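Residue numbers (the working numbering): 31 to 269.
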Amino acid sequence: MIAEAAIVKGKLLAHARTPLYGNGYALVISSGVSSALGLAYWALAARLYSADAVGFNAATISAMMFLAGFAQLNLMSALMRFIPEAGRQAARFILITYAVSTAVAAVASAVFGRSIGAFVPTLSAIGASPVLMVWFAAATVAWCVFVLEDSAITGLRRATWVPISNIGFSIAKIVLLIVLAATFPQYGVFASWTFALAACVVLTNVVLFARLLPRQTRDMPGDHSQLSVKTISRFVFTD
Numbered sequence: 031m032i033a034e035a036a037i038v039k040g041k042l043l044a045h046a047r048t049p050l051y052g053n054g055y056a057l058v059i060s061s062g063v064s065s066a067l068g069l070a071y072w073a074l075a076a077r078l079y080s081a082d083a084v085g086f087n088a089a090t091i092s093a094m095m096f097l098a099g100f101a102q103l104n105l106m107s108a109l110m111r112f113i114p115e116a117g118r119q120a121a122r123f124i125l126i127t128y129a130v131s132t133a134v135a136a137v138a139s140a141v142f143g144r145s146i147g148a149f150v151p152t153l154s155a156i157g158a159s160p161v162l163m164v165w166f167a168a169a170t171v172a173w174c175v176f177v178l179e180d181s182a183i184t185g186l187r188r189a190t191w192v193p194i195s196n197i198g199f200s201i202a203k204i205v206l207l208i209v210l211a212a213t214f215p216q217y218g219v220f221a222s223w224t225f226a227l228a229a230c231v232v233l234t235n236v237v238l239f240a241r242l243l244p245r246q247t248r249d250m251p252g253d254h255s256q257l258s259v260k261t262i263s264r265f266v267f268t269d
């Protein structure tokens, strides 16, 4: 029995160490744990903040995520598709996707902030306050990078870093949610989300550009001839 158990354990470990399966399991774990922590986050928010504050902040976060989803222009799929063959162009490719997506996000946020009051009066405060407008736009830009960085890491076949980043973000925002409840009752939910987001984006990109990408350059030189604007645009549009 012991020998059979050792054989089964060895097979399971070998299975998990296969890049395709290991990266897949890492993404599943990231999604599952983040969802559970997200449920805990909103349950705590409902307990610690007023109904009006939770409603406004939840709607603001949802709007921010929607605009970021639009601003990504499906570049997250392009990162996963082309990074494995990008070689020395990988860092430049990632930075270009960041620049394009964040530029679209900034413009979309400005348009949204200026016009949302006509459609949803309860969210008019976003456009009415310059501070909230800049804060909202910065959060939308950061969320674009947050999603794109996960795709970049997955494209590098280092998806085991994704749950570290996402779970760290989920835990940090829960801690901040509790800490800010007494001192920032009106916007504490949005603040906890965005402050944790900013820290996570900075730390994850330090790991991405200082540790993971140098390994890509060294171990996977890749074929640069296929990485062109025409090829990437055709893939993004079709997908």
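By construction, the Cβ of each residue, glycine as well, lies at the ideal position given by its N, Cα and C atoms. As the structure is a computational prediction, the values presented were derived from the model and not from experiment.
Residue i, enclosing alpha helix (DSSP H) - first and last residue
i: Phe199; result: 191 to 210
i: Thr132; result: 120 to 149
i: Pro215; result: Taken as a continuous stretch (DSSP letters only), Pro215 belongs to no alpha helix (DSSP H), as it is neither H nor E.
i: Asp180; result: 160 to 185
i: Ser263; result: 259 to 268
i: Ala116; result: 105 to 116
Cα-Cα separation, residue i to residue j
i: Phe142; j: Leu207; result: 26 angstroms
i: Arg264; j: Ala221; result: 38 angstroms
i: Ser107; j: Leu233; result: 22 angstroms
i: Ile197; j: Ser159; result: 32 angstroms
i: Val219; j: Ala172; result: 16 angstroms
i: Ile91; j: Ala169; result: 9 angstroms
i: Ala73; j: Ser258; result: 46 angstroms
i: Phe267; j: Arg77; result: 44 angstroms
i: Ala211; j: Tyr79; result: 7 angstroms
i: Val164; j: Gln119; result: 32 angstroms
i: Ile113; j: Pro215; result: 43 angstroms
i: Phe123; j: Ala228; result: 22 angstroms
i: Ala121; j: Thr261; result: 18 angstroms
i: Arg187; j: Gly147; result: 43 angstroms
i: Leu178; j: Val84; result: 27 angstroms
i: Phe149; j: Ala226; result: 30 angstroms
i: Met94; j: Thr213; result: 24 angstroms
i: Ala275; j: Ser64; result: Residue numbering for the chain in the displayed model covers 31 to 269; residue 275 lies beyond these limits and cannot be assessed.
i: Arg111; j: Leu67; result: 29 angstroms
i: Tyr217; j: Asp269; result: 38 angstroms
i: Thr127; j: Asp82; result: 37 angstroms
i: Ala89; j: Leu57; result: 27 angstroms
i: Val231; j: Glu115; result: 25 angstroms
i: Arg144; j: Ser200; result: 30 angstroms
i: Ala51; j: Ser195; result: Note that residue 51 corresponds to Tyr in the displayed sequence, not to Ala. Cα-Cα distance, rounded: 19 angstroms.
i: Phe100; j: Ala136; result: 12 angstroms
i: Leu125; j: Gly117; result: 14 angstroms
i: Ala75; j: Lys203; result: 11 angstroms
i: Tyr55; j: Gly62; result: 10 angstroms
i: Leu238; j: Gln246; result: 10 angstroms
Cβ separation of residue i and residue j, assumed to be a contact under 8 angstroms, to the nearest whole Å
i: Val175; j: Thr132; result: 7 angstroms
i: Leu97; j: Ala138; result: 5 angstroms
i: Ser60; j: Val192; result: 5 angstroms
i: Asn87; j: Ala189; result: No, Asn87 and Ala189 are not in contact; Cβ-Cβ is about 31 angstroms, not under 8 angstroms.
i: Ala167; j: Ala140; result: 6 angstroms
i: Val134; j: Leu162; result: About 20 angstroms; that fails the 8 angstroms criterion.
Residue-level contact to chain C via CB, residue i, 8 angstroms cutoff
i: Ala120; result: In the structure shown, chain C cannot be found, because there is only a single protein chain.
Across the segment 137 to 155 and the segment 198 to 216, are there enough close Cβ pairs to call them in contact, namely three or more that are closer than 8 angstroms? no
Using a Cβ distance threshold of 8 angstroms, determine whether the segment 172 to 192 contacts the segment 233 to 244, with at least three qualifying pairs required. yes
Only counting runs of 4 or more residues, tell me where the alpha helix (DSSP H) segments fall wholly within the segment 44 to 91, in order along the chain. 49 to 78
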